[in-house]
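Engineer: Mapped onto our numbering, the consecutive letters of the sequence shown carry residue numbers 9 to 376. Backbone N, C-alpha and C define an ideal beta-carbon position, used for all residues, glycine too.
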Amino acid sequence: MAVQLVLIGLPQSGKTTVFNALTRAQAPTGTFTGAEEEPNLATVKVPDPRLDTLTRMFNPRRTVPAEVQYYDVAGLAKGVHERGLSGRLLGYLSQADALVHVVRAFDDPAIPHPERSIDPLRDIETIDTELAFSDLAIIEKRLARIQSMIGKVRGAEREAQEREAELLSRLQAALTGGTPIREIELSAEEEKLLRGFGFLTAKPLLILLNLGEEQLGEPAERLLAAASERYERPGVAVDALAGKLEAEIAQLSDEDARAFMEELGIAEAGRDRIIRRSYALLGLISFFTTESHEVRAWTIRRGTTALEAAGTIHSDMQQGFIRAEVVSYDDLVRTGSLAEARRAGVLRLEGKQYVVQDGDVLHILFNV
9 MAVQLVLIGL PQSGKTTVFN ALTRAQAPTG TFTGAEEEPN LATVKVPDPR
59 LDTLTRMFNP RRTVPAEVQY YDVAGLAKGV HERGLSGRLL GYLSQADALV
109 HVVRAFDDPA IPHPERSIDP LRDIETIDTE LAFSDLAIIE KRLARIQSMI
159 GKVRGAEREA QEREAELLSR LQAALTGGTP IREIELSAEE EKLLRGFGFL
209 TAKPLLILLN LGEEQLGEPA ERLLAAASER YERPGVAVDA LAGKLEAEIA
259 QLSDEDARAF MEELGIAEAG RDRIIRRSYA LLGLISFFTT ESHEVRAWTI
309 RRGTTALEAA GTIHSDMQQG FIRAEVVSYD DLVRTGSLAE ARRAGVLRLE
359 GKQYVVQDGD VLHILFNV
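#1: Quick one: what's got a C-beta closer than 6 Å to L107's C-beta in the same chain, skipping five residues either side?
#2: Between the Cα of A250 and the Cα atoms of V369, Q180, P227, which residue gives the shortest distance?
#3: For L231 versus P117, is the C-beta spacing smaller than 8 Å?
#4: According to DSSP, simplified to helix, strand and coil, what is E280?
#5: With 16 other CB atoms within 10 Å as the buried threshold, where does R112 fall?
#6: Determine the direct distance from the alpha carbon of A145 to that of E165, and round the result to whole angstroms.
#7: Roughly how many angstroms separate the alpha carbons of F141 and H89, rounded to a whole number?
#8: Could you tell me how far apart the beta carbons of I135 and L18 are, in whole angstroms, since I believe they sit closer than 8 Å?
#9: Is V26 helix, strand or coil when you go by DSSP?
#10: Assuming R350 is part of the alpha helix (DSSP H), what are its boundary residues?
#11: At which residue ranges does the stretch 210-253 contain complete alpha helix (DSSP H) runs of 4 or more residues, listed in the order of the chain?
#12: How long is the line joining the alpha carbons of G95 and G353, rounded to whole angstroms?
#13: If you draw a straight line from the alpha carbon of L132 to that of E299, how long is it in whole angstroms?
#14: Got a sec: does the ligand FAD put a non-hydrogen atom nearer than 7 Å to the Cβ of E193?
#15: When the Cα of Y322 is compared with those of T137, V376, Y239, R91, which residue comes out closest?
#16: State the start and end residues of the unbroken alpha helix (DSSP H) segment that holds R178.
#17: Would you decide whether H109 is buried or exposed? Buried here means 16 or more other CB atoms lie within 10 Å of its CB.
#18: In three-state terms, what does DSSP make of R153?
#19: Where does H322 fall in DSSP's three states?
#20: Considering E302, what are the terminal residues of the alpha helix (DSSP H) in which it resides?
#21: Name the DSSP bridge partner or partners of T31?
#22: Establish whether the CB of L176 and some CB of chain C are separated by less than 8 Å.
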């Protein structure tokens, strides 16, 4: 399943321009008029040179890269919590694997900022506050519901509701004090209990500074350093790109884009870097399957076992799992083929508890 990243930000932050830069889409900019509008959506293939190499080695009928889905939703205006996020908008946000907060750093008199000045750090705080208020509203509603029900239940059900109320009250106090849920230490049981709420401040967050072309170089480095020092921590990453420039590059052919970036001194397309940062933020890795008909990249969380990876491919493989044949990408490329990897002793059999590593090439042995 594709990783889902939802772009958020204040109105006039250049969010749709960044969406176009990341997806090579051509969505009209400046057209969102309300939170009920359908978001822009695009699916992007994850660039991975290892997949290209495996394709050349195995010459399959098709190659299937991993995918990322980007959603570009309506801007979150300051004070939106006072009327509440719409159910549709909240639905998109709560289903995201991570949020990408597009923060305006560029200055353009033709596109006035809602606050009439450019202040990225202020805007980061504004959106953080709106996300916290959204979570608080959900908590308050659920606590009121528990309070109305708890006198009507007994035994284990009452104890479960009391535990839930205690946990939600702890989150409520933390949010009121300015601490997002992602920074609260939770047990595995508590994390499982909260999963269905889709709390926004629990989600990994990529703060993406949207620069003007004239800011590239030292000004961008200073701004990025200041934002990183203030906000980067586990679960929060900070990056930057010149959205308008990158959107223009995204519309060029690969050859023209490379030449243009070389001329500007841009080493890597922003869309590739942001996918890589998002994977790191989410703790995601890739493993590969190589068959004569298909070479495919699969996305899993770091720490996934061979049994769980088999289920990512197909539920039948997980249910009938016997063993996994495993070789690292580096060892496979070094030896040149699966047969040579087996002869060299680097292709091995692993059991269901083996923790899959980034770049592993797997062949699952299973009974139907």
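Structural biologist: Result, derived from the coordinates:
#1: Counting from one through the sequence shown, the residue named residue 107 turns up at place 99. If we look at L107 and ignore the five residues flanking it on each side, its Cβ neighbours are V14, I16, K211, L213.
#2: Here residue 250 is taken as the residue at index 242 of the sequence shown, counted from 1. Cα-wise, what sits closest to A250 is P227.
#3: For the purposes of this step, residue 231 is taken as residue 223 along the sequence shown, with counting starting at 1. For the purposes of this step, residue 117 is taken as residue 109 along the sequence shown, with counting starting at 1. Not a contact, by the Cβ cut-off of 8 Å.
#4: For the purposes of this step, residue 280 is taken as the residue at position 272 of the sequence shown. It should be noted that the sequence gives Asp, not Glu, for residue 280. Reduced to three states, the DSSP call for D280 is helix.
#5: For the purposes of this step, residue 112 is taken as the residue at position 104 of the sequence shown. Flag for R112 reads buried.
#6: Counting from 1 along the sequence shown, the entry for residue 165 is found at position 157. Counting from 1 along the sequence shown, the entry for residue 145 is found at position 137. A direct Cα-to-Cα measurement between E165 and A145 gives close to 24 Å.
#7: Numbered from its first residue, the sequence shown carries residue 141 at position 133. Numbered from its first residue, the sequence shown carries residue 89 at position 81. Cα atoms of F141 and H89: separation of roughly 6 Å, rounded to the nearest angstrom.
#8: Numbered from its first residue, the sequence shown carries residue 135 at position 127. Numbered from its first residue, the sequence shown carries residue 18 at position 10. Contact annotation, I135 with L18: C-beta distance approximately 7 Å; criterion of less than 8 Å satisfied.
#9: Here residue 26 is taken as the residue at index 18 of the sequence shown, counted from 1. Reduced to three states, the DSSP call for V26 is helix.
#10: The count along the sequence shown starts at 1 and reaches residue 350 at position 342. Counting along the chain, the alpha helix (DSSP H) containing R350 begins and ends at 346-351.
#11: Within the stretch 210-253, the complete alpha helix (DSSP H) runs of at least 4 residues are 226-239.
#12: Counted from its first residue, the sequence shown places residue 95 at position 87. Counted from its first residue, the sequence shown places residue 353 at position 345. Cα to Cα, G95 sits roughly 56 Å from G353.
#13: Walking along the sequence shown from the start, residue 132 turns up at place 124. Walking along the sequence shown from the start, residue 299 turns up at place 291. Looking at the sequence shown, residue 132 is not Leu but Ile. Linking I132 to E299 through their CA atoms gives a straight-line distance of about 46 Å.
#14: Ligands displayed in this structure: none; no statement on the ligand FAD is therefore possible.
#15: Mapped onto the sequence shown, residue 322 falls at position 314. Note on identity: in this sequence residue 322 is His, with Tyr being the wrong assignment. Here the closest residue by C-alpha is V376.
#16: Reading the sequence shown from its first residue, position 170 is the one you call residue 178. For R178, the enclosing alpha helix (DSSP H) starts and ends at 163-184.
#17: Taking the first residue of the sequence shown as 1, we reach residue 109 at position 101. Here H109 is buried, its C-beta having at least 16 other C-beta atoms within 10 Å.
#18: Locating residue 153 in the sequence shown gives position 145, counting from the first residue. Correct three-state label for R153: helix.
#19: As a working note, residue 322 is residue 314 in the sequence shown. In the structure shown, the three-state DSSP call for H322 is coil.
#20: Walking along the sequence shown from the start, residue 302 turns up at place 294. Counting along the chain, E302 falls outside any alpha helix (DSSP H), though it belongs to the beta strand (DSSP E) covering 302-309.
#21: Within the sequence shown, residue 31 is the residue found at index 23, counting from 1. Beta-bridge annotation (DSSP): T31 is not paired with any residue.
#22: In the structure shown, chain C does not exist; there is a single protein chain.
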